[in-house]
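Numbering-wise (the working numbering), the sequence shown opens with residue 737 and increments by one.
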Amino acid sequence: MATLVINLERACGGGEHLDIGITVDGGPKRIVEVSRSEMTAPLTDTTMVEVIRGIVRAYAKGKTQAQVRTALQAGITVVI
Numbered sequence: 737m738a739t740l741v742i743n744l745e746r747a748c749g750g751g752e753h754l755d756i757g758i759t760v761d762g763g764p765k766r767i768v769e770v771s772r773s774e775m776t777a778p779l780t781d782t783t784m785v786e787v788i789r790g791i792v793r794a795y796a797k798g799k800t801q802a803q804v805r806t807a808l809q810a811g812i813t814v815v816i
């Protein structure tokens, strides 16, 4: 199981840009700047592929390929 923690680190004075902190399994925190318009834009196919790849990579950390394959066959549920 992987744990992803996503939190607001900072917001610019006008609130148009947010710095989002992302931590995977207690590792180093990465800060990503996101504009408000990015957050409300529709998800594209390309974005969804990136999200799926990121989720699978986070889940696969510390597991064998066989374990990941078995889990994907059963289905991985992500709740936000």
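No residue lacks a Cβ here, since even glycine has one placed at the ideal position from N, Cα and C. Note that the structure is a prediction, hence the values are computed from the model and not measured.
Grab the span of the alpha helix (DSSP H) containing residue i for me, first residue to last.
i: Gly757; result: Careful: Gly757 lies outside any alpha helix (DSSP H), inside the beta strand (DSSP E) at 753-760.
i: Ile788; result: 781-796
i: Ala777; result: Element bounds for Ala777: n/a, residue is neither H nor E.
i: Thr806; result: 801-810
Could you give the first and the last residue of the continuous beta strand (DSSP E) run that contains residue i?
i: Val741; result: 740-747
So the candidates are the options; which of them puts its Cα closest to the Cα of residue i?
i: Val770; options: Thr739, Glu745, Gln809, Ala807; result: Glu745
Residues bridged to residue i by DSSP?
i: Ser771; result: His753
Which residues in the same chain as residue i place their Cβ atom closer than 7 Å to its Cβ, once the five residues preceding and following it in sequence are excluded?
i: Lys797; result: Ala738, Asp761
Spatial neighbours of residue i within its chain, please: C-beta separation below 8 Å, excluding the five flanking residues on both sides.
i: Ala747; result: His753, Leu754, Asp755
i: Ala810; result: none
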